[in-house]
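Residue numbers (the working numbering), protein chains in the order written: chain A, 1 to 413; chain B, 1001 to 1413.
Glycine included, each C-beta is placed from N, C-alpha and C at the ideal position.
What you are looking at is a predicted structure, and each value in this text was computed from that prediction instead of being measured.
#1: Using a Cβ-Cβ distance cut-off of 8 Å, determine whether residue 150 of chain A contacts chain B.
#2: Which chain A residues sit within Cβ distance under 8 Å of residue 1057 of chain B?
#3: Are the C-beta atoms of residue 1042 of chain B and some chain A residue less than 8 Å apart?
#4: Listing by chain order, which chain A residues have their CB less than 7 Å from the CB of residue 1136 of chain B?
#5: Inspect the beta-carbon positions of residue 1068 of chain B and residue 140 of chain A and report whether they are closer than 8 Å.
#6: Who are the Cβ neighbours of residue 413 of chain A in its own chain at under 7 Å, not counting the five residues just before and after it?
#7: Compare the beta carbon distance of residue 1082 of chain B and residue 1003 of chain B with 8 Å and say whether it is the shorter of the two.
#8: State yes or no: is the C-beta of residue 1169 of chain B within less than 8 Å of the C-beta of residue 1223 of chain B?
#9: Just confirm the distance between the C-beta atoms of residue 1117 of chain B and residue 1251 of chain B, as a whole number of angstroms; I'd bet it's less than 8 Å.
#10: Within its chain, find whatever has a CB closer than 8 Å to the CB of residue 1199 of chain B; leave out the 5 residues flanking it on each side and keep chain order.
#11: For residue 289 of chain A, which residues does DSSP report across the bridge?
#12: Taking just the CA atoms, how far does residue 1094 of chain B sit from residue 1034 of chain B?
#13: Return the bridge partner residues of residue 195 of chain A from the DSSP annotation.
#14: In the stretch 1197-1230 of chain B, which residues sit with their C-beta less than 9 Å from some C-beta in chain A, listed in chain order?
#15: Shorter than 8 Å from the beta carbon of residue 1392 of chain B to some beta carbon of chain A?
#16: Can you give me the C-alpha to C-alpha distance between residue 202 of chain A and residue 361 of chain A, rounded to a whole angstrom?
#17: In this structure, how does DSSP classify residue 184 of chain A when only helix, strand and coil are distinguished?
#18: Which one or two residues does DSSP pair with residue 89 of chain A in a beta bridge?
#19: Report the CB separation of residue 1073 of chain B from residue 1260 of chain B in whole angstroms; it is logged as a contact under 8 Å.
#20: Please report how far the alpha carbon of residue 410 of chain A lies from the alpha carbon of residue 1085 of chain B, in whole angstroms.
#21: Would you mind working out which of B:1393, B:1055, B:1112 and B:1291 sits nearest residue 1316 of chain B, comparing C-alpha positions?
#22: Between B:1111, B:1058, B:1283 and B:1306, which has its C-alpha nearest residue 402 of chain A's C-alpha?
#23: What is the C-beta distance between residue 288 of chain A and residue 77 of chain A, in whole angstroms, given that I count them as a contact (C-beta under 8 Å)?
#24: Buried or exposed for residue 1299 of chain B, going by 16 or more other Cβ atoms inside 10 Å?
#25: When you compare the CB of residue 405 of chain A with every CB in chain B, is at least one pair closer than 8 Å?
#26: If you count every other CB in all the chains shown that lies within 10 Å of the CB of residue 1234 of chain B, and 16 or more means buried, which is it?
#27: Exposed or buried, what is residue 1242 of chain B when buried is set at 16 or more other beta-carbons lying within 10 Å of its beta-carbon?
#28: Could you tell me which of A:112, A:335 and A:376 sits nearest to residue 52 of chain A, measuring between CA atoms?
#29: With a threshold of 8 Å between beta-carbons, can residue 1026 of chain B be considered close to chain A, or not?
#30: Using only the alpha-carbon positions, how far apart do residue 1022 of chain B and residue 1096 of chain B sit?
#31: Is residue 429 of chain A near residue 355 of chain A, with beta carbons less than 8 Å apart?
#32: State the DSSP-derived secondary structure class of residue 13 of chain A, mapped to helix, strand or coil.
#33: Taking all protein chains shown into account, decide if residue 358 of chain A is buried (16 or more other Cβ within 10 angstroms of its Cβ) or exposed.
#34: Residue 121 of chain A versus chain B: which residues are under 8 Å apart at the beta carbon?
#35: Alpha carbon to alpha carbon, what distance is there between residue 1323 of chain B and residue 1256 of chain B?
#36: With residue 1151 of chain B and residue 1190 of chain B assumed to form a contact (beta carbons below 8 Å), what rounded beta-carbon distance in angstroms separates them?
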């Protein structure tokens, strides 16, 4: 039984295709989502269906796999059952929890409405509607102060998501939109990236983080490092002693694991993640595994980062342990994380990448970033559509999916 | 001032590009939508952004045109102002109302929740989510009776929309989905098309309507002509004395014009449409024009049908009248509807088409249908994406946009 059809859960399900087990993947969404490109949905570059595919369609040829669309509400460890919304429950012999992460507002859950995060397709289309509607409202607004507020976009969090969002919004405002508006100059939009730590992309080396910063500044993004956000409300953001009136605030500052810790009644590790043993099972329950963003896996003095390749490797490893035990073989060797590096893209023709000692910036990193993301997309259709959308955007400077699908929160403002 | 960015409104705006006037297009959506392909969004064949493009992007090079995202609530004919939601209002010299049609439940507005219609992108993604979720629920259901109800799809209305929807759902169930499910045979799904009149596609000639009927029956669609729907509730449909338990009911039975009649305080014609003079203006107000589905235009003893080409021709004619008057020239000759014919597609490799005396069925009509729809799509991007999705669907028998984006209405059922 696998809970979650993201990178970790899907890798586990596929790795069990030849094992003498029957696999059920439970997810509350019907689709596997390619999260690394979700920010492009939020900035009108891609359609949701370009980067999502039904989990049951991906597994349709794997005849020992079954997919269930349901919301898991808890785990009964003693009776070995997973509880589902609606009162139903399902038994398991082995359980892989790959439930991923959700936005974490560090105790300020009331900020969630004013500063939506990027998790899932609904989050991305919501942000897309907010960004595009802010420009529309500014076009109709005659008061200069209110117009400035409408054209201010604050991104909270200077990690890869925040940097990629800031770059994409800057391109939207500077390149894609100017010719479409008559009363405002969308190039005058202020895009402010607020980061509490001392530098952007803290997980990258200092030269790369400085290169990303210079690039963003050249695109007109204002960067405020060392600024902790104190308040977010319907008016704007209060950070580092300054009030920034802004219609659109986007949360990219942190994620926490889904309530797996509560389900397992265990002590949470850093980021709400579940501490696991070297075989990725939990203490005292050798039949329960946690993989991906929900798991806290030690690596020396540090932890394995919450990246897609890590989740896939963990999912595959947990599957190999289950397959070995189901076949009566000894456990495989303990899992070792193979670091495939990190990358982040900043607008067109620029990215930073770090693979072990190798560091890349600029066009070369951007081409590598594109190749790798297209390669890891599942299915010929997604690859072709994403490449086409990118080629079209590259040559026309336009954005193809500029749809406002979410109704205005308040028709009067 | 043009209200509505559909086929009629957009044609009027474009036709005024060289006139000595300033054009404002008001729409409550930011996008022009290619309605004829909307049923493919509802059946997971296309993404919304494939057939929608921002109105202001379409008009970006037309420097005398301005686009406003706003909801019109009424018209003040004496003061020549359009009232907007939120209390604002805008003045006009000439007004073109191209507000289109909405679903009409013939006095049963309580059916709207149980039987959603296809108007707009939200309607299409809602229907898509309902159809896909019905299959998901059936997969998880063990009771045979409840499973049969979940796998029953009723389409109310045998016009082009109903016929195209029925064909597309039949293909989804018979070709795209079977390999993905383990516990149900999606080919056993019942698709029932209910039509109150004596035959399908009443606007087409009898041989064409019979050909479409035979084709649908061969695809396994049950057709009930002469059946008036008496009740639609959360359980199913009661039609022609029979109770049909069905999870999914889709409304394709009728449209009515948006409340333009109320705005103009005039007497409604057939279908809630506004009777117009031969120059498409309304009685006593030569500066107010109504075009498209909102207008009731006489043609001999009949009326001009509510089709996209008619709306475009009306929009262009109203624009030519306005341009002539603004330039001080005499009015152009009265408008004559140029009938470009009608077509409807029934699944893969089959369509029916009727252009004056010329009648086509089968593959030839289907190829013509594809060519014409791709031709009329706006922009290279949409054309390329739609052709690609179609080619992919044709060769793989799959549907690319199988996303459930709308949450379950009730998690317990």
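Judging by the given coordinates:
#1: Judged by the 8 Å Cβ criterion, residue 150 of chain A is not in contact with chain B.
#2: 180, 398 and 402
#3: no
#4: 30 and 69
#5: yes
#6: No answer about residue 413 of chain A holds up, because its pLDDT of 31 lies below 50 and its placement is not dependable.
#7: Contact annotation: residue 1082 of chain B and residue 1003 of chain B have beta-carbon atoms nearer than 8 Å.
#8: No, these two residues do not count as a Cβ contact at 8 Å.
#9: 4 Å
#10: 1158, 1206, 1209, 1210, 1213 and 1225
#11: A:96 and A:281
#12: 26 Å
#13: Note: residue 195 of chain A sits in a beta bridge opposite A:225.
#14: none
#15: Against chain A, the CB of residue 1392 of chain B has a partner CB under 8 Å away; the residue lies at that interface.
#16: When rounded, the separation of the alpha-carbon atoms in residue 202 of chain A and residue 361 of chain A is 16 Å.
#17: In this structure, residue 184 of chain A counts as coil in the three-state DSSP scheme.
#18: A:83
#19: Rounded, the Cβ-Cβ distance is 12 Å, inconsistent with contact.
#20: Residue placement at residue 410 of chain A is flagged as unreliable, the pLDDT there being 39, under the threshold of 50; the coordinate-derived value follows with that caveat. Distance between the alpha carbons of residue 410 of chain A and residue 1085 of chain B is about 11 Å.
#21: B:1291
#22: If we check each option's Cα against that of residue 402 of chain A, B:1058 comes out closest.
#23: 7 Å
#24: exposed
#25: yes
#26: exposed
#27: exposed
#28: A:376
#29: no
#30: 13 Å
#31: Because residue 429 of chain A is not part of the residues shown, which for chain A are 1 to 413, the question remains open.
#32: helix
#33: exposed
#34: 1403 and 1405
#35: 30 Å
#36: 7 Å
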